[in-house]
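J.:
In the working numbering, the protein residues as written are 56 to 325.
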């Protein structure tokens, strides 16, 4: 069902565009009720032409007419955007920030009158299969929560978390697609080394990854239990798993999540 709401997306990069596309193609928001604010003229022209939404170059008083204001700029630009729109905001505007490493309190100090929700989507929202974690700020109501779920549910799965966990979420699901891409690439290279053509090897690796993920979600079993479904004593899978264990692959992924989490904590300091 299309919502009778107006949404303003500030920053029409990959995340901003993916959200706009999800809202329109998912039938959640009518294109005529979406405003994109983007400094790049080239991006403005592209977004307007591709999705039929209104685009402007910088925040203006008109933003107050929009029910939901999504801040989808880089972390270093968030405070500047908040300062630019603060004088136009009211209690009726719901602010949603997508920036990694920027706590709600930093925005609340600038836009104290409006309720704020913090969101951490990942790049898979581009294909409607994103993982989006949301955290409520002071002043948000159940209605604000439901609106946020509607908006981000159009581009993937939604979970609510405490804001203190957002850096860890960033390190896991925010950066996670890149880790999985590296897994697919490595599996593909293994297939090529064993004599397969690159395109076939990549397809086999990607579909295998997709199927494995779907099993975890739909069967609601821990990955360790599902591993035992595939690995039989003395079989091929056990031989492969032994190699992964000797190469400390699991330890490497744990370290990757930790490193990305720590980096998220540092972003606001720059």
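Glycine included, C-beta positions come from ideal geometry on N, C-alpha and C.
Quick one: measure Cβ to Cβ for residue 256 and residue 237, integer angstroms, because I've assumed they're closer than 8 Å.
T.: With 8 Å as the limit, residue 256 and residue 237 do not qualify as a contact, their Cβ atoms being about 15 Å apart.
J.: Would you list the residues sitting across from residue 245 in a DSSP beta bridge?
T.: In the DSSP output, where bridge partners are listed per residue, residue 245 has none listed.
J.: What are the boundary residues of the beta strand (DSSP E) that residue 211 is part of?
T.: Taken as a continuous stretch (DSSP letters only), the beta strand (DSSP E) holding residue 211 covers 211-215.
J.: Could you compute how far the alpha carbon of residue 67 sits from the alpha carbon of residue 129?
T.: Taking the straight line joining both Cα atoms gives about 11 Å.
J.: So, using beta-carbon positions, are residue 107 and residue 86 closer together than 8 Å?
T.: For residue 107 and residue 86, yes; Cβs fall inside 8 Å.
J.: Pull up the DSSP beta-bridge partners for residue 185, would you.
T.: Partner(s): 211.
J.: For residue 120, tell me which candidate among 140, 112, 135 has the shortest Cα-Cα distance.
T.: It is 140 whose Cα lies nearest to the Cα of residue 120.
J.: Just curious, the alpha helix (DSSP H) that residue 264 is in, first and last residue?
T.: Element bounds for residue 264: 253-274.
J.: What distance in whole Å lies between the Cβ atoms of residue 167 and residue 145, which are believed to be in contact at a cut-off of 8 Å?
T.: Rounded, the Cβ-Cβ distance is 12 Å, inconsistent with contact.
J.: Are there 16 or more other CB atoms within 10 angstroms of the CB of residue 90, so buried, or fewer, so exposed?
T.: Buried.
J.: I believe residue 213 touches residue 207 by the beta-carbon criterion, under 8 Å. Please report the beta-carbon distance rounded to the nearest angstrom.
T.: Contact holds; Cβ gap of about 5 Å.
J.: What alpha helix (DSSP H) runs, 4 residues minimum, are completely inside the stretch 102-146?
T.: Runs found: 130-141.
J.: Closer than 6 Å by C-beta to residue 97: which residues in its own chain qualify, once you throw out the five before and the five after it? Chain order, please.
T.: Excluding positions up to five away in sequence, the list is empty.
J.: Rounded to the nearest angstrom, what separates residue 230 and residue 143 at their Cα positions?
T.: Looking at the two C-alpha atoms, the distance is approximately 33 Å.
J.: Which residues bound the alpha helix (DSSP H) around residue 57?
T.: Careful: residue 57 lies outside any alpha helix (DSSP H) and carries neither H nor E.
J.: Give the DSSP-derived three-state secondary structure of residue 180 in the structure shown.
T.: In the structure shown, residue 180 sits in a helix (DSSP, three-state: H, G or I).
J.: With DSSP as the reference, please indicate the residues paired to residue 91 in a beta bridge.
T.: DSSP output for residue 91 lists 64, 110 as bridge partner(s).
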